[in-house]
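Participant: Here it is, the structure in full.
Numbering (this note's numbering), first residue to last: 2 to 134.
Here it is in structure tokens:
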């Protein structure tokens with residue numbers, strides 16, 4: 002799934018940056034988390050496994066929201082997983098595996114310009130952890 006999401010993003014004119022785990026994603030976006038720091042990477046969209054290995058996407062999403070960071074986030078559920086977050090946040094999309102590609106495609110067409118930079122980690126596939134786009 003990760004390669005298909007990356008292809009969707011790149012065909013829409015986005016720059017996709019793949020991170021292998023949720024921890025790597027946090028390291029990549031650390032500058033936007035630290036108040037007053039100049040971000041070297043400011044993703045316009047994050048796509049991550051809801052239950053990523055090591056550092057879950059749900060935890061990352063809640064932490065970013067607690068800090069007032071409103072980057073759109075797609076949390077991808079694996080088959081049979083329960084929704085980890087009940088939220089009225091319209092910038093947070095918790096989706097089943099069959100809907101991830103459609104939601105990412107819709108987000109790239111609707112509210113963002115094609116020149117946005119995105120950060121990507123692993124998608125919801127066996128053996129992978131988090132996907133940030």
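We treat Cβ as the ideally placed atom computed from N, Cα and C, and that holds for glycine.
What's the C-alpha gap between residue 60 and residue 76?
Facilitator: Straight-line Cα distance between these residues: approximately 10 Å.
Participant: How far does the alpha helix (DSSP H) with residue 63 in it extend, from its first residue to its last?
Facilitator: Element bounds for residue 63: 58-67.
Participant: Is the distance from the Cβ of residue 33 to the Cβ of residue 62 below 8 Å?
Facilitator: No, the pair does not count as a contact, with Cβ atoms beyond the cut-off.
Participant: Quick one: grab the DSSP three-state call for residue 94.
Facilitator: Three-state result, residue 94: strand.
Participant: Measuring CA to CA, which of 72, 64, 65, 49 is closest to residue 95?
Facilitator: When each option's Cα is compared against that of residue 95, the closest is 49.
Participant: Please name the residue, chosen from 26, 71, 84, 4, that lies closest to residue 90 on a Cα-to-Cα basis.
Facilitator: Nearest of 26, 71, 84, 4 to residue 90, Cα basis: 71.
Participant: Mark residue 58 as exposed unless 16 or more other C-beta atoms lie within 10 angstroms of its C-beta, in which case mark it buried.
Facilitator: Label assigned to residue 58: buried.
Participant: Can the beta-carbon of residue 27 be found closer than 8 Å to that of residue 56?
Facilitator: Yes, the pair counts as a contact, with Cβ atoms nearer than the cut-off.
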